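First residue of the sequence shown? That's 545 in the working numbering, and the numbers climb one at a time after it.
Reviewing the structure listed below.
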Amino acid sequence: MSAATKNTGKIYFAATGWDPEIWMQAFAKYAPDREIVTEIKAGEEASIDYALVWKQKRGSLANLPNLKVIFSLGAGVDHVFHDDQVPNLPIVRTVSPDLTMRMTEYVVWQVLDHHRLGPQYRAQQLKKIWREDRRQPAANEVNVGIMGLGVLGRDAADKLKHLGFNVSGWSRRPQDVAGVNTYHGKDGLSDFLKQVDILVCLLPLTPDTKGILSMSVFGRMKEDGPLGAPILINAGRGGLQNEADIQAALERGLLSAASLDVFETEPLPESSPLWGNPKITITPHAAASSSANALTPEVVKMITDYERDGTLTNLVDREKQY
Numbered sequence: 545m546s547a548a549t550k551n552t553g554k555i556y557f558a559a560t561g562w563d564p565e566i567w568m569q570a571f572a573k574y575a576p577d578r579e580i581v582t583e584i585k586a587g588e589e590a591s592i593d594y595a596l597v598w599k600q601k602r603g604s605l606a607n608l609p610n611l612k613v614i615f616s617l618g619a620g621v622d623h624v625f626h627d628d629q630v631p632n633l634p635i636v637r638t639v640s641p642d643l644t645m646r647m648t649e650y651v652v653w654q655v656l657d658h659h660r661l662g663p664q665y666r667a668q669q670l671k672k673i674w675r676e677d678r679r680q681p682a683a684n685e686v687n688v689g690i691m692g693l694g695v696l697g698r699d700a701a702d703k704l705k706h707l708g709f710n711v712s713g714w715s716r717r718p719q720d721v722a723g724v725n726t727y728h729g730k731d732g733l734s735d736f737l738k739q740v741d742i743l744v745c746l747l748p749l750t751p752d753t754k755g756i757l758s759m760s761v762f763g764r765m766k767e768d769g770p771l772g773a774p775i776l777i778n779a780g781r782g783g784l785q786n787e788a789d790i791q792a793a794l795e796r797g798l799l800s801a802a803s804l805d806v807f808e809t810e811p812l813p814e815s816s817p818l819w820g821n822p823k824i825t826i827t828p829h830a831a832a833s834s835s836a837n838a839l840t841p842e843v844v845k846m847i848t849d850y851e852r853d854g855t856l857t858n859l860v861d862r863e864k865q866y
C-alpha cells in the first residue's frame, strides 16, 4: 500500500451496545487533535477518514467516500461482515496487551476451576456436604487443547504451560508454537481431539468454523481422562457452537462439563435450557471486554503509522474473514 497523505479527518464511532461517551473521553485524552463523531450529518459524509466498529448498523459505512480504514473494536471481526454493505476497504483487528491478558485470565481461570474441581465443591457447599476424597490429578497429567493459535491462543498456551499443563493446539494452517504440540487442518483434527482433557475454543467465526463445536467433534474426543470425560470451554464466538449438541454431549457423558462465555443468541434468552444445566458455567460474553482506555492508544498509533507511511498491521483477510 502506498503511503497515505496526512490529514485530520474525522473518526466515526459506529459501535452498538457500548457507551460512546467513554470512547469520546479516551480519544480526547490520547488524540486531542482528532474529532470523533457518533452521528454523521447530511453533507458531512466526506469528512470521515476512519471508522471504529462493533456490530455496526447495516449500510452505515456504505456512503463515506473518503473512508480509508475500518478498525474492529474486538478480538474477532465476524460482526463486521454481518453488514453485507461493508465497503471493500482495509479492515484491521485491534490487538492490545490488555485485551490479550483479559482473555488469558479467563481461560486460565476456567481451566483451573475445572482442574481443581470447583463446580463439584460448589455443589457440595450448597448441600452442606464435606467430601475431600475426590482424586486431584496434577497439572502435568492433564492435556489442555486450544483450538485457535492466534495472538490470544498463543498467550493462553504460554501461561498454561507455565502452570505445568500439557498443551496442544489446533489451527486451520500449520503453526509452530514452542512447547505446544500443534496440529492443523481437517486431517489433524482427530489426532488433536483424541488426547484432549480440556478443550478451549478461541477460533475466529468464519464460514468454515461455524458450528464446529458439535457432536462431530465431541464424539472424537477421549472417553475418559484424569478429570473424567472431557471439558469444553468456549470463549470465542457463539456461532462456533451447536448448543443442542453440547446439551446432548453432556447428557451422554461425552462431555463432563462446559464453560460458555458466548452463545448463538445474545443475551442468552431466559428460556434457554443452558441456564438450568448444573454441568454448565455461564458467563455473559465477559471473557475479554474491550476497554476504551486500553484500545484507544493502539488505534491512535495505527492511524499515525498509516498516515506516515501507509503501514497497517493485523489486517483481516476478507476472503477468510479473520
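By construction, the Cβ of each residue, glycine as well, lies at the ideal position given by its N, Cα and C atoms.
Quick caveat, the model's predicted, so the values are computed rather than measured.
What's the call for residue i, buried or exposed, on a 16-neighbour Cβ count within 10 Å?
i       : result
Asn-687 : buried
Gly-780 : buried
Lys-612 : buried
Lys-550 : Confidence at Lys-550 is low in this model, with a pLDDT of 47, below 50, so the placement of that residue should be treated as unreliable; the coordinate-derived value is given next. Burial call: exposed.
Asp-563 : exposed
Gly-708 : exposed
Ile-867 : What the structure shows of the chain is the stretch from 545 to 866, and residue 867 is not part of that stretch, so it cannot be assessed.
Ser-546 : Because Ser-546 sits at a pLDDT of 42, beneath the cut-off of 50, its placement in the model cannot be relied upon, and the point is left open.
Pro-748 : buried
Thr-560 : exposed
Ser-734 : exposed
Arg-698 : buried
Ile-614 : buried
Gly-723 : exposed
Gln-629 : exposed
Ile-742 : buried
Gln-669 : exposed
Asp-805 : buried
Asp-861 : exposed
Glu-787 : buried
Pro-774 : buried
Ser-760 : exposed
Arg-716 : buried
Gly-603 : exposed
In the DSSP assignment, find the unbroken beta strand (DSSP E) run with residue i in it and report its ends.
i       : result
Ile-826 : 824-826
Asn-687 : 687-691
Thr-726 : 725-728
Leu-839 : That residue, Leu-839, is in no beta strand (DSSP E); its alpha helix (DSSP H) goes 836-853.
Phe-571 : Per DSSP, Phe-571 belongs to no beta strand (DSSP E); it is in the alpha helix (DSSP H), 564-574.
Phe-557 : 554-559
Trp-674 : Careful: Trp-674 lies outside any beta strand (DSSP E) and carries neither H nor E.
Asp-593 : 592-598
Val-744 : 742-745
Rounded to whole angstroms, what is the Cα-Cα separation between residue i and residue j?
i       : j       : result
Asp-677 : Pro-663 : 15 Å
Asp-657 : Thr-582 : 41 Å
Lys-730 : Pro-718 : 11 Å
Thr-855 : Val-843 : 13 Å
Gly-763 : Val-711 : 21 Å
Ile-592 : Arg-646 : 31 Å
Val-636 : Leu-859 : 5 Å
Ala-558 : Tyr-594 : 10 Å
Lys-823 : Ala-802 : 6 Å
Gln-865 : Pro-751 : 8 Å
His-706 : Leu-661 : 20 Å
Arg-852 : Pro-576 : 18 Å
Lys-703 : Ile-777 : 16 Å
Leu-608 : Leu-643 : 29 Å
Ala-548 : Lys-554 : Residue confidence for Ala-548 is low, a pLDDT of 43 falling below 50, so the modelled location carries little weight; the figure read from the coordinates is stated next. Answer to the nearest angstrom: the Cα atoms are 15 Å apart.
Ile-847 : Ala-682 : 47 Å
Leu-839 : Met-691 : 25 Å
Thr-648 : Ala-586 : 43 Å
Ile-756 : Pro-841 : 35 Å
Ile-826 : Arg-666 : 14 Å
Gly-618 : Leu-812 : 20 Å
Gln-785 : Glu-588 : 42 Å
Tyr-574 : Glu-565 : 14 Å
Lys-766 : Pro-634 : 42 Å
His-623 : Ala-830 : 16 Å
Name, in chain order, the residues that DSSP records as bridge partners for residue i.
i       : result
Ala-802 : Leu-776 and Ile-824
Gly-797 : Per DSSP, none; premise fails for Gly-797.
Asn-710 : Asn-687
Arg-862 : Answer is none; Arg-862 lacks a bridge partner.
Arg-637 : Ser-616
Val-721 : Per DSSP, none; premise fails for Val-721.
Gln-785 : Leu-757
Ser-715 : His-728
Lys-580 : A quick correction: the sequence has Ile, not Lys, at residue 580. According to DSSP, which records beta bridges pairwise, Ile-580 is partnered with Ile-555.
Gly-769 : Gly-772
Could you spell out where the alpha helix (DSSP H) holding residue i opens and where it closes?
i       : result
Gly-620 : No alpha helix (DSSP H) holds Gly-620; DSSP gives it neither H nor E.
Val-761 : 759-762
Arg-666 : 662-670
Leu-643 : 641-659
At a cut-off of 6 Å, is residue i close to the ligand HEM when judged by its beta-carbon and the heavy atoms of the ligand?
i       : result
Arg-781 : As for the ligand HEM, it is missing from this structure, which has no ligand bound.
Does the CB of residue i have a neighbour CB from chain B at under 7 Å?
i       : result
Ile-592 : Looking at the structure shown, chain B is missing, and only one protein chain is on hand.
How about the stretch 814-828 and the stretch 788-801: do they share at least three Cβ pairs that are nearer than 8 Å? Taking 8 Å as the limit for Cβ pairs, the verdict is that the stretch 788-801 does touch the stretch 814-828.
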